[in-house]
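**Q** Going letter by letter, the sequence shown gives residues 1 to 858 in the UniProt record's numbering.
Before we start, here is the structure in question, set down as structure tokens.
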Amino acid sequence: MRFLWLSAYIVFLASCHSPSPPVDKSSTPSFTEEQLDSIFEAFEGIAYEKPESYINNADSFFNQLTVRPESNYQKELYLYGLIFMGYGLLQHGDNLESVKYYEKAYNYIQSTSVQIRDVNTEIIKPLANLYVRINDTQKSISLLQKALQDTKNINELSGLSNNLANAYLYNAELDSAKMVLFRAMQYPASPLSNALLYNTLASVYQEEQNEKESIRYNNLALRGFEKSQLQGDTMLWYIAALGLKGNLEQDNKPVLQAINLVEEKFPVAQNRFKAKLTLMSGDILRAQQLYPEALQTYEKTLSYFKPQGKSYVLDYTYTQALLGKASILSAREQLDSALYYYEWAIENDFRTQQLIASGRDQLRNNILNKEIIESIVTLIESKPNLSRQKGVVQQLLWCIELSKARLLINEINRSESWSHASEKTKLGMQTIRDIYHKIDISTDATEKTKLSARLKKVMIEFELSERYFEAIEFEPQKENFLKHLNRPNSDFYSYFIHHDSSITVIHKSEQDITLKKGLTAAPLNELLDFKARYFGDSPNNYNRNPEEYYKKAQYLTDELLPHIEGAQHNIFVSLDAQLYGFPFDALYNGDFLVKKHNFAYLNSFLLFDFLTNKTVEESAITVLYRSQYPSPLPNLEFVDKEVDNIDSHFSAQRISPEKQNDATIRERFAHPDIVHIAAHTILDTTAAPVIYLDQVISTNQLRFYEMKTPLVFLSACNTGYGRPLPSEGTESIQRVFLSKNVPSVISTFWFANDQTMLDLTASFYKALYHTKDPICALGEAKRTYLLNANPVEQNPWYWANINYTGIGNKIGLKKPSNLSYYMWGIAGLILIALQYPLALRFYKTVKYKNKKTRYKPQ
Numbered sequence: 001m002r003f004l005w006l007s008a009y010i011v012f013l014a015s016c017h018s019p020s021p022p023v024d025k026s027s028t029p030s031f032t033e034e035q036l037d038s039i040f041e042a043f044e045g046i047a048y049e050k051p052e053s054y055i056n057n058a059d060s061f062f063n064q065l066t067v068r069p070e071s072n073y074q075k076e077l078y079l080y081g082l083i084f085m086g087y088g089l090l091q092h093g094d095n096l097e098s099v100k101y102y103e104k105a106y107n108y109i110q111s112t113s114v115q116i117r118d119v120n121t122e123i124i125k126p127l128a129n130l131y132v133r134i135n136d137t138q139k140s141i142s143l144l145q146k147a148l149q150d151t152k153n154i155n156e157l158s159g160l161s162n163n164l165a166n167a168y169l170y171n172a173e174l175d176s177a178k179m180v181l182f183r184a185m186q187y188p189a190s191p192l193s194n195a196l197l198y199n200t201l202a203s204v205y206q207e208e209q210n211e212k213e214s215i216r217y218n219n220l221a222l223r224g225f226e227k228s229q230l231q232g233d234t235m236l237w238y239i240a241a242l243g244l245k246g247n248l249e250q251d252n253k254p255v256l257q258a259i260n261l262v263e264e265k266f267p268v269a270q271n272r273f274k275a276k277l278t279l280m281s282g283d284i285l286r287a288q289q290l291y292p293e294a295l296q297t298y299e300k301t302l303s304y305f306k307p308q309g310k311s312y313v314l315d316y317t318y319t320q321a322l323l324g325k326a327s328i329l330s331a332r333e334q335l336d337s338a339l340y341y342y343e344w345a346i347e348n349d350f351r352t353q354q355l356i357a358s359g360r361d362q363l364r365n366n367i368l369n370k371e372i373i374e375s376i377v378t379l380i381e382s383k384p385n386l387s388r389q390k391g392v393v394q395q396l397l398w399c400i401e402l403s404k405a406r407l408l409i410n411e412i413n414r415s416e417s418w419s420h421a422s423e424k425t426k427l428g429m430q431t432i433r434d435i436y437h438k439i440d441i442s443t444d445a446t447e448k449t450k451l452s453a454r455l456k457k458v459m460i461e462f463e464l465s466e467r468y469f470e471a472i473e474f475e476p477q478k479e480n481f482l483k484h485l486n487r488p489n490s491d492f493y494s495y496f497i498h499h500d501s502s503i504t505v506i507h508k509s510e511q512d513i514t515l516k517k518g519l520t521a522a523p524l525n526e527l528l529d530f531k532a533r534y535f536g537d538s539p540n541n542y543n544r545n546p547e548e549y550y551k552k553a554q555y556l557t558d559e560l561l562p563h564i565e566g567a568q569h570n571i572f573v574s575l576d577a578q579l580y581g582f583p584f585d586a587l588y589n590g591d592f593l594v595k596k597h598n599f600a601y602l603n604s605f606l607l608f609d610f611l612t613n614k615t616v617e618e619s620a621i622t623v624l625y626r627s628q629y630p631s632p633l634p635n636l637e638f639v640d641k642e643v644d645n646i647d648s649h650f651s652a653q654r655i656s657p658e659k660q661n662d663a664t665i666r667e668r669f670a671h672p673d674i675v676h677i678a679a680h681t682i683l684d685t686t687a688a689p690v691i692y693l694d695q696v697i698s699t700n701q702l703r704f705y706e707m708k709t710p711l712v713f714l715s716a717c718n719t720g721y722g723r724p725l726p727s728e729g730t731e732s733i734q735r736v737f738l739s740k741n742v743p744s745v746i747s748t749f750w751f752a753n754d755q756t757m758l759d760l761t762a763s764f765y766k767a768l769y770h771t772k773d774p775i776c777a778l779g780e781a782k783r784t785y786l787l788n789a790n791p792v793e794q795n796p797w798y799w800a801n802i803n804y805t806g807i808g809n810k811i812g813l814k815k816p817s818n819l820s821y822y823m824w825g826i827a828g829l830i831l832i833a834l835q836y837p838l839a840l841r842f843y844k845t846v847k848y849k850n851k852k853t854r855y856k857p858q
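And the structure:
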């Protein structure tokens with residue numbers, strides 16, 4: 001009966017296969033309670049019974065529902081409509097859209113008093129499984145841990161524990177997975193539930209490469225399933241166990257049995273599960289070198305996602321099928337086709353990885369992604385003529401840059417989405433920032449532990465409420481990427497460090513692009529020794545033998561910067577691994593490279609696409625500083641002079657320590673002015689880096705600040721250093737500003753000399769005023785310094801520590817206003833003018849008295 005009444009307002013529910021214009025909510029008619037009941041009955045009914053109405057465009061379907069549920073009955077219908085949409089999208093393999101609607105359902109029950117029959121079964125477990133599927137396993141773990149703590153039904157413990165063990169398995173926390181599974185086996189559960197636990201344990205042992213125990217528990221699982229009546233989810237559990245058996249034994253027969261069963265029992269659903277099984281079959285066939293059969297099977301895997309041409313599907317199974325095809329084509333020496341599929345896989349993998357909110361999961365994927373780049377380079381090197389083909393080298397450059405800085409790009413985009421977030425999300429950001437602030441300033445270990453536990457809970461709710469999956473727009477295009485590398489007066493060098501520590505260098509100069517693959521680890525080893533020798537705690541090694549420095553620096557120039565003699569004035573460098581923190585402008589080619597070139601460093605050339613080019617015509621400078629510190633930290637004697645110099649030459653706002661409250665600092669970062677920070681930084685191997693102003697500010701806090709500044713100058717020591725992050729650079733203070741979409745950051749790799757720091761800072765701002773180009777301004781500052789320095793002071797230890805990271809935005813500087821001087825001058829003139837008649841009167845009075853005295857009678 002619920003479909004009998006459908007007013008014109010909800011005709012869309014029966015015909016929403018194509019998008020329609022948004023409804024003007026201001027003109028939405030009012031409905032009776034009975035009419036609203038019918039609307040939400042129709043919504044829930046179609047979400048459950050007719051997924052074909054929305055699987056191709058879920059948002060178009062959902063957005064036409066512009067009325068809000070009012071009664072408890074309507075709220076329940078609305079909730080289950082969201083759940084059914086999530087389930088329908090999941091059944092048709094659309095993980096991203098499914099996550100979005102399950103998250104909507106989760107957030108709805110958090111914010112609304114609404115009845116749900118079984119929150120764990122209907123929302124928590126499917127949502128947690130989806131997070132595992134998109135490789136955001138840390139979020140899955142947090143969600144399931146919370147559910148296990150909150151659940152009061154002992155019968156649900158086994159199922160939740162199995163889900164948590166799976167999340168631990170995919171997060172490579174194998175001991176945690178086993179602990180959860182063995183504990184779950186003690187709970188009261190059905191034989192089928194125990195069979196599921198056995199099969200998950202078999203997968204854990206497989207990951208540990210303990211074949212004996214893996215086969216044992218897989219057989220226990222299969223026996224448990226085969227003794228029971230199977231349907232629905234339990235049938236899927238059995239099919240998964242069959243697939244695992246085939247994978248363990250590298251035997252395609254059980255896998256084919258599993259594929260046939262899932263096709264028979266679920267003819268129009270479970271497409272992603274079918275894809276996963278056919279991928280498993282393809283991998284077995286490829287290992288057996290049955291290439292034609294394997295290619296056909298991989299095609300079957302791809303077909304379950306219904307791609308049109310070169311489509312991108314945000315799913316790792318899809319990516320793995322593309323890689324399987326690429327590997328076979330490479331083995332068969334169909335090199336052009338192999339490169340095509342490798343490139344497609346990298347592009348798809350990049351898009352898929354942007355779904356991940358967890359930093360740890362991002363970094364693990366970065367490591368796996370490097371393996372793909374290794375395969376591509378090996379393929380190109382296998383045929384010498386390939387490395388000389390412009391199109392092939394462009395493909396490799398595109399793939400290498402897509403493999404870098406994925407976490408950083410994810411953070412930039414999340415940060416940008418926060419600026420347009422709901423009030424609830426912004427409140428969550430404030431809460432997180434406040435907790436981090438309390439952790440940073442606390443000296444009590446017990447209090448820190450309590451705050452960290454609270455933070456973990458708040459972060460779960462925040463990540464679920466930020467609606468990140470609704471804001472994703474990651475569509476980097478190769479054509480646009482290459483256009484950025486046609487910037488006038490600029491050359492580009494990209495680096496990739498291989499497992500054997502050899503280095504691949506790609507050089508882009510105007511219309512030319514060249515590839516150089518190193519054969520040994522010698523250049524990297526020499527670079528690390530060079531950095532330790534000349535850029536450590538003392539300038540003495542250079543002073544003892546400058547000629548030896550020049551010789552070693554020339555060698556590194558030849559290895560790392562081929563064709564530098566013909567390079568343009570500006571050089572952009574995309575770094576990798578141990579190259580971070582190395583001052584390229586201190587290398588040598590007849591003279592220091594900085595004499596001819598300006599250097600800008602990037603985590604990936606993709607940042608040209610993702611960082612906002614904030615152009616500012618006239619920027620003031622906010623100066624945050626501290627010069628006096630408690631022991632054992634030394635005072636920073638140069639800071640006060642540095643601040644005075646900036647303040648006297650440019651429009652500046654000095655924020656002294658006594659004014660550095662949280663609100664003021666946040667307000668200045670949210671203002672579109674340059675931010676100059678002169679203070680100590682503290683680096684720790686276990687804790688996040690901090691800036692030590694009046695109170696410490698960690699990078700954890702900074703991630704939740706709003707930032708509109710076009711440039712941050714970190715005049716503190718070691719702001720470019722931090723813990724290494726795979727394919728990401730270092731977890732430095734400099735990096736966190738990039739993650740907040742700051743397009744230009746100047747930082748230091750080591751602390752050198754007070755006077756040099758003063759000179760370089762003053763010269764930088766002077767040059768920036770004239771050039772409006774921070775890359776050029778820093779280069780000019782160094783050249784000015786070298787021009788006036790004596791031979792000892794020309795030691796790169798003194799001047800090469802300050803470096804620029806960013807995309808090169810234009811920034812004008814504002815001079816200080818002279819109005820105050822004019823006012824003082826006018827006031828002085830007025831004072832003189834007022835004093836003149838008084839002085840004249842006084843003079844006449846004195847003169848008259850003197851006259852009278854002179855002629856006084858004797």
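Ideal placement from N, C-alpha and C gives every residue a C-beta, glycine not left out.
Whose C-alpha, out of Glu263, Phe62 and Gly428, is nearest the C-alpha of Glu44?
**A** Residue Phe62 is the option with its Cα nearest to Glu44.
**Q** Does the segment 392 to 399 come close enough to the segment 494 to 507 to have 3 or more Cβ pairs within less than 8 Å?
**A** They touch, by the three-pair rule.
**Q** Return helix, strand or coil for Asn518, following the three-state DSSP convention.
**A** One detail in the question is off: residue 518 reads as Gly in this sequence, not Asn. In this structure, Gly518 counts as coil in the three-state DSSP scheme.
**Q** According to DSSP, which residues form a beta bridge with Gly806?
**A** Bridge partners of Gly806: Ser744.
**Q** My output table needs one value for residue 875: the three-state DSSP class, helix, strand or coil.
**A** An answer regarding residue 875 cannot be provided, because it is not within the stretch 1 to 858 covered by the chain.
**Q** Taking Cβ to Cβ, would you say Pro126 is nearer than 8 Å to Tyr102?
**A** In this structure, Tyr102 lies closer than 8 Å to Pro126 by Cβ.
**Q** Taking C-alpha atoms, which residue in Tyr87, His671 and Ser228 lies nearest to Glu706?
**A** Selected option, being the one with the closest Cα: His671.
**Q** Could you work out which residue in Asn247, Thr234, Glu249 and Thr449 is closest to Val262 when comparing CA atoms only?
**A** Checked all of Asn247, Thr234, Glu249 and Thr449; the closest Cα to Val262 is Thr234.
**Q** Counting along the chain, where does the beta strand (DSSP E) carrying Ala687 start and finish?
**A** Unbroken run through Ala687: none, as it is neither H nor E.
**Q** DSSP on Gly309, reduced to helix/strand/coil?
**A** Looking at Gly309 - three-state DSSP - the assignment turns out to be coil, as it is neither helix nor strand.
**Q** From Met280 to Arg332, what distance separates their C-alpha atoms?
**A** The straight-line gap from Cα to Cα measures roughly 21 Å.
**Q** Are Gln250 and Ile284 touching if we call contact CB-CB under 8 Å?
**A** A contact, by the Cβ cut-off of 8 Å.
**Q** Can you find the residues in the same chain that come closer than 8 Å, C-beta to C-beta, to Leu819, ignoring five residues on each side of it along the sequence?
**A** Residue confidence is low: Leu819 scores 46 on pLDDT, short of 50, so the model does not pin down where it sits. Its coordinate-derived value is still stated next. Taken in chain order, the list of residues that qualify is empty.
**Q** Considering only DSSP beta bridges, list what Gln653 is partnered with.
**A** Paired residues: Thr622.
**Q** CA-CA distance, Asp500 and Asn525?
**A** C-alpha separation (whole angstroms): 11 Å.
**Q** Should the segment 540 to 552 be regarded as contacting the segment 560 to 570, the criterion being three or more beta carbon pairs within less than 8 Å?
**A** No, the segment 540 to 552 does not touch the segment 560 to 570.
**Q** Looking at the structure shown, is Glu617 part of a helix, part of a strand, or coil, going by DSSP?
**A** Correct three-state label for Glu617: strand.
**Q** Which runs of the alpha helix (DSSP H) spanning at least 4 residues fall entirely within the segment 207 to 238, listed in chain order?
**A** Segments of the alpha helix (DSSP H) lying fully in the segment 207 to 238: 211 to 226.
**Q** Quick one: Cα of residue 876 to Cα of Lys782, how far?
**A** This structure cannot settle anything about residue 876, because the visible part of the chain is limited to 1 through 858.
**Q** So what does DSSP say about Val696, is it helix, strand or coil?
**A** Val696: strand per DSSP, three-state reduction.
**Q** Inspect the CB distances between the segment 604 to 613 and the segment 475 to 483 and report whether three or more fall short of 8 Å.
**A** Touching, per the Cβ criterion.
**Q** So is Asn95 buried or exposed if we call it buried at 16+ other beta carbons inside 10 Å?
**A** Buried: at least 16 other Cβ atoms inside 10 Å.
**Q** Mapping the DSSP letters down to three states, classify Thr443 as helix, strand or coil.
**A** Of the three classes helix, strand and coil, the one that applies to Thr443 here is coil, per DSSP.
**Q** So Lys178 and Leu157 are in contact, right, with Cβ under 8 Å, and what is the actual spacing, rounded?
**A** Actually they are not in contact, since the Cβ atoms of Lys178 and Leu157 sit about 17 Å apart, beyond 8 Å.
**Q** How many Å lie between Leu169 and Glu208 at the Cα?
**A** So the alpha carbons of these two residues sit roughly 10 Å apart.
**Q** Just verifying my parser: in three-state terms, what is the DSSP assignment at Pro857?
**A** Only weak support is given to the placement of Pro857: the predicted model assigns it a pLDDT of 42, under 50, and the question is left unresolved by the model.
**Q** Determine the direct distance from the alpha carbon of Tyr341 to that of Ala147, and round the result to whole angstroms.
**A** Cα to Cα, Ala147 sits roughly 41 Å from Tyr341.
**Q** Buried or exposed for Arg68, please, with buried defined as at least 16 other CB atoms from any protein chain shown within 10 angstroms of its CB.
**A** By the 10 Å Cβ count, Arg68 comes out exposed.
**Q** Should Ala800 go down as buried or exposed, given a rule of 16 or more other Cβ atoms within 10 Å for buried?
**A** Buried: at least 16 other Cβ atoms inside 10 Å.
**Q** Is Lys815 helix, strand or coil when you go by DSSP?
**A** Note: Lys815 maps to coil in three-state DSSP.
**Q** Is His676 helix, strand or coil by DSSP?
**A** Strand, per DSSP.
**Q** Quick check: is any heavy atom of the ligand ATP less than 7 Å from the C-beta of Tyr785?
**A** Inclusion of the ligand ATP in the displayed structure is not the case, the ligand content being empty and no account of it being possible.
**Q** Evaluate Ser727 with the Cβ neighbour count: other Cβ atoms within 10 Å of its Cβ, from every protein chain shown; 16 or more gives buried, anything less gives exposed.
**A** For Ser727, the pLDDT reaches just 48, beneath the cut-off of 50, and the residue's location in the model is therefore unreliable, leaving the point undetermined.
**Q** Opposite His507 in the DSSP bridges: which residues?
**A** Answer is Tyr493 and Thr514.
**Q** With a 10 Å radius around its C-beta and 16 neighbouring C-beta atoms as the bar for buried, classify Ser631 as buried or exposed.
**A** Exposed, since its Cβ has fewer than 16 Cβ neighbours within 10 Å.
**Q** Suppose you measure from the CA of Ala688 to the CA of Asn598; what does that come to, to the nearest Å?
**A** Taking the straight line from one Cα to the other gives about 31 Å.
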